[in-house]
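Trainee: Sharing a structure with you now.
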Amino acid sequence: QKEVEQDPGPLSVPEGAIVSLNCTYSNSAFQYFMWYRQYSRKGPELLMYTYSSGNKEDGRFTAQVDKSSKYISLFIRDSQPSDSATYLCAMSVYAGANNLFFGTGTRLTVIP
Amino acid sequence: GAVVSQHPSWVICKSGTSVKIECRSLDFQATTMFWYRQFPKQSLMLMATSNEGSKATYEQGVEKDKFLINHASLTLSTLTVTSAHPEDSSFYICSARSPQGKPEAFFGQGTRLTVV
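Residue numbers (this note's numbering), protein chains in the order written: chain A, 1 to 112; chain B, 113 to 228.
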């Protein structure tokens, strides 16, 4: 079993829709959770970072962590064509841990 | 956020030649950097951890003699693909962890390597 599971999609939604992206994980020791956005042929860029359980909101993006279920989500409100990208979740046990564990990424297309 | 710059963004080389990719942390010092490889429609695969002033740590299955990593300063790590072959064609990405001990990683722009 992989440490982090993520549905690769692809996921297509109309412009303005609410998008829900999810990851599950098996290591209950993970405490730090991140979402990255990667445009085609570019390096990933950090979108959101949360610690432990709870919600975090930044503009149209909301990250949720449910440690009891080992499940994290990223919600995108009022989705835009510019949101079309691959979204990767990542997590680590320690803040200073050397490595992050990544999901496979979900490819999202927002149709105008 | 911190800035990591990777160069070149794309390179085409002949089979049998070597290619060097640079990864620089522009506004912070990175004692540790990471090199990933990414195939189309797949996630990041960690190749090695680059440690300033010491030998890199390679993941299982990654040939250390083929993928030479040098981390000579606190702001620069290089990955050299030696005797490149077409199967080495891929997207290579470096990253560095956030300073101040935070868990986020910041990524370079990636390098598209095509070996012909």
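Where a beta carbon is used, it is the ideal one built from N, C-alpha and C, also for glycine.
Predicted model only: the values in this text are computed from it and were never measured.
By the criterion of Cβ-Cβ separation under 8 Å, what are the contact partners of A/Glu-45 in chain C?
Mentor: Any reference to chain C falls outside this structure, whose protein chains are A and B.
Trainee: What is the rounded straight-line gap between the Cα of B/Pro-152 and the Cα of B/Glu-134?
Mentor: Looking at the two C-alpha atoms, the distance is approximately 22 Å.
Trainee: How far does the beta strand (DSSP E) with A/Lys-56 in it reach, from first residue to last?
Mentor: Segment 54-58, the beta strand (DSSP E) holding A/Lys-56.
Trainee: Could you give the C-beta distance for B/Leu-186 and B/Glu-164, rounded to a whole number, given that I count them as a contact under 8 Å?
Mentor: Sure, about 5 Å apart at Cβ, within 8 Å.
Trainee: Which chain B residues are close to A/Lys-42, counting only those with a beta carbon under 7 Å from its beta carbon?
Mentor: Going along chain B in sequence order, the residues near A/Lys-42 (Cβ under 7 Å) are Gln-221 and Gly-222.
Trainee: So if I threshold CB-CB distances at 7 Å, which residues from the segment 15-36 of chain A count as touching chain B?
Mentor: So the close ones are Tyr-32 and Met-34.
Trainee: Nearest-angstrom Cα distance between A/Cys-89 and A/Asp-7?
Mentor: About 11 Å.
Trainee: Measure the C-alpha to C-alpha separation of A/Lys-70 and A/Val-4 and round it to an integer number of angstroms.
Mentor: So the two alpha carbons sit approximately 10 Å from each other.
Trainee: So, does the CB of A/Asn-55 fall closer than 8 Å to a CB anywhere in chain B?
Mentor: Chain B, which has no Cβ nearer than 8 Å to the Cβ of A/Asn-55, makes this no.
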